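Trainee: Its first residue numbered 419, the sequence shown is counted upward by one per residue in our numbering. Ideal Cβ positions, reconstructed from N, Cα and C, are used throughout, including at glycine. Model, not experiment: these values are computed from the prediction.
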Amino acid sequence: MTWNTIMGFISSFALFIPIAIILLLKLGSYRSFAALLIYYSSVIIFNLMSEGYIPTDRAITYYWGVTNNMLDVPLMLTFLTYFSPSKKYTQRMKILGVAFVLFELTVMIITRFTVNGLTIILGPGLIIISGFCLHFFIRYATMAIEHGKATGKAFITGSMLFAYGCFSILYVLYYIRKTEQTEEAYLIFFIATSISALLMSTGLIIEWKRIKKIKELKITRKELSEMYKDTNMAAPKRTAIVNLDFDKEAWN
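1) In terms of residue numbering, what span does the alpha helix (DSSP H) encompassing Thr474 cover?
2) Can you list, in chain order, the stretches of the alpha helix (DSSP H) that have 4 or more residues and sit fully within the stretch 514-538?
3) Give the range of the alpha helix (DSSP H) segment to which Val461 is assigned.
4) Could you check if Met618 is buried or exposed, using at least 16 other CB atoms within 10 Å of its CB as the buried criterion?
5) Which residues in the same chain as Ala562 place their Cβ atom closer than 7 Å to its Cβ, once the five residues preceding and following it in sequence are excluded?
6) So, for Gly515: in the same chain, excluding its five sequence neighbours on each side, which residues have a beta-carbon less than 6 Å away from its beta-carbon?
7) Just curious, the alpha helix (DSSP H) that Phe427 is in, first and last residue?
8) Against chain C, does Thr532 count as a neighbour if the rule is that its beta carbon must be under 8 Å from one of theirs?
9) I'd like to check one pair, Ile538 with Val525: are the Cβ atoms closer than 8 Å?
10) Note down the Cα distance separating Asn534 from Leu454, rounded to an integer number of angstroms.
11) Rank Ile632, Thr532, Thr529, Leu433 by C-alpha distance to the C-alpha of Asn465 and give the top, closest one.
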């Protein structure tokens, strides 16, 4: 058994942890986390195919990998809308996502789904996602350090920034310089994926606690509103404590 095989299995297990957290804590009921769930599931399947744990035809593995790469940007942009500071910013991210999908389809149809097509679309995609991750990480890491809040978001964006930083290095080595050391490239990918998944898992748990607290405060606010509605007493004014944000809507 090679190091690649071992790390391929470990990275698949590591990726399963955030998936389990999303499912167990019911974060998948929110659009942004559902996108992350789909992304991680797709990567796990590709890892298991690549290392032979899921026996498939080589062509199937290749096209699964192509599809995986094409879904990367739209899924990650959808997830990153969770960190958007405003509705207008979110709208711009969605427009960018649609535009990038059209760009991907155009390039891949012209190049007939070859490696050359992937080389063209992966570069801009890595720049876009890395840029958003860096922006959001700086924003929420600053908030976590200065105000002791948004720690979960800082962990999540930090995990993604680390992952896409490593993926960018692999892109240069594998697609630009066309290194023949593919085994080493896969090993770096598996290690980066494992570390990123563990950081992501930590961030998801912290963020879930924040969401739970905000939901409890919303219920309290609603109960207070109902209680004062049938009396002549004025309802207490909203304070900064109960007026916390939970900025993403559920599917329903």
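Mentor: Reading off the structure:
1) Taken as a continuous stretch (DSSP letters only), Thr474 belongs to no alpha helix (DSSP H), as it is neither H nor E.
2) none
3) 449-468
4) buried
5) Ala568, Thr569, Ala572
6) Pro492, Leu495
7) 421-442
8) Here chain C cannot be found, since the structure has a single protein chain.
9) yes
10) 27 Å
11) Leu433
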